[in-house]
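See below for the structure under consideration.
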Amino acid sequence: MSMLTERIRSSREQAGLSQAEVAKSLRVSASAVNQWEQGLSKNIKLDHFFALARLLRQDPQWLATGTVFPYMRHKQATPPSLDEPPLTREEKALLHHFRGLPDRVRTTLLKFIKDLDDFHVLAGQRGHRG
């Protein structure tokens, strides 16, 4: 992919997100995201660009230029395994909403989910004993 616009669009589609979902997550207008993908925007603010790269789980260097310098390749996260099932619509919705939360709320929510899972496991173990 030779153009930034193509890399943004294909990365967004690969992430399973609509332009509206990206816009909401980044707190920008849907028309701004559309302009980025159509090449109608003269520039993207750096904070929006890096937030977009994080949201789409792309290396900012690759997203900007289409290349990754060799010394950066070993630092990249490994892509998801092909054995992993694709995210369900429910999982995508959860991830979308989770990413839009402030860090403090995310931390609290993760703790709640872990506690809920622990409780569910304990309740299940008690049910198997009796």
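Under the numbering used here, the residue at position 9 of the sequence shown is numbered 9, and the numbers go up by one with no gaps.
Backbone N, C-alpha and C define an ideal beta-carbon position, used for all residues, glycine too.
Note that the structure is a prediction, hence the values are computed from the model and not measured.
With respect to the 8 angstroms criterion, glutamine 61 and serine 11 are not classified as neighbours on the basis of their beta carbons.
In this structure, alanine 53 places its C-beta atom within 8 angstroms of the C-beta atom of leucine 63.
A distance below 8 angstroms separates the beta carbons of asparagine 34 and glutamine 19. Between leucine 17 and threonine 65, the alpha-carbon positions lie close to 22 angstroms from each other. The beta carbons of leucine 55 and valine 28 sit no closer together than 8 angstroms. When Asp117, His48, Glu6, His120 are compared, the shortest CA-CA separation from lysine 24 is found for His48. Take the alpha-carbon of leucine 26 and the one of leucine 116: they are about 29 angstroms apart.
In the three-state reduction of the DSSP assignment, valine 28 falls in the coil class. For aspartate 47, the uninterrupted alpha helix (DSSP H) run begins and ends at 46 to 55, by DSSP.
A direct Cα-to-Cα measurement between histidine 120 and alanine 93 gives close to 23 angstroms. For proline 102, no alpha helix (DSSP H) encloses it, and the DSSP letter there is neither H nor E. Between the alpha carbons of leucine 101 and threonine 67 lies a distance of about 31 angstroms. Taken through DSSP and simplified to helix, strand or coil, aspartate 115 comes out as helix. Excluding five sequence positions before and after phenylalanine 98, none of the CB atoms of its chain fall closer than 6 angstroms to its own CB.
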